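*Asks:* The sequence shown runs 0 to 87 under numbering that gives the first Met the number 0.
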Amino acid sequence: MSDVVENVERKPVEELTFREALGELESIVSVLESNTLELEESLDAYERGVVLLGSLQKRLGAAEQQVEVLMGELVAAPDDETQDTTLS
Numbered sequence: 000m001s002d003v004v005e006n007v008e009r010k011p012v013e014e015l016t017f018r019e020a021l022g023e024l025e026s027i028v029s030v031l032e033s034n035t036l037e038l039e040e041s042l043d044a045y046e047r048g049v050v051l052l053g054s055l056q057k058r059l060g061a062a063e064q065q066v067e068v069l070m071g072e073l074v075a076a077p078d079d080e081t082q083d084t085t086l087s
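(1) Could you tell me if VAL49 is buried or exposed, where buried requires 16 or more neighbouring beta carbons within 10 angstroms of its beta carbon?
(2) Using three-state DSSP, classify GLU141 as helix, strand or coil.
(3) Do GLU25 and LEU15 come within 8 Å of each other at the CB atom, strictly closer than that value?
(4) Output the boundary residues of the alpha helix (DSSP H) element that contains VAL74.
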């Protein structure tokens with residue numbers, strides 16, 4: 000059985016760093032594409048991959064929101080004198 004699909008020493012997904020989770024997902028994709036696993040092992044690996052992918056997407060979404068907040072802080076709000084009042 001492949002190390003990728005063995006449950007023996009796997010960390011819970013929430014304990015993995017982003018880089019670790021991405022590396023594990025890449026390994027799972029590689030082994031699944033190699034078509035060397037038994038059906039049950041493939042299903043286990045696929046299931047783990049889905050969990051990893053969900054976690055990675057969630058983390059990326061949170062990082063994107065954080066960047067948007069930080070970028071919003073960089074953009075100074077216009078003061079009353081420089082606001083466009085043509086619509087008023």
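Note that CB positions come from ideal geometry on N, CA and C, so glycine has one too.
Predicted model only: the values in this text are computed from it and were never measured.
*Replies:* Short version:
(1) exposed
(2) With the chain represented from 0 up to 87, any question about residue 141 goes unanswered, as that position is not in the structure.
(3) no
(4) Per DSSP, VAL74 belongs to no alpha helix (DSSP H) and is neither H nor E.
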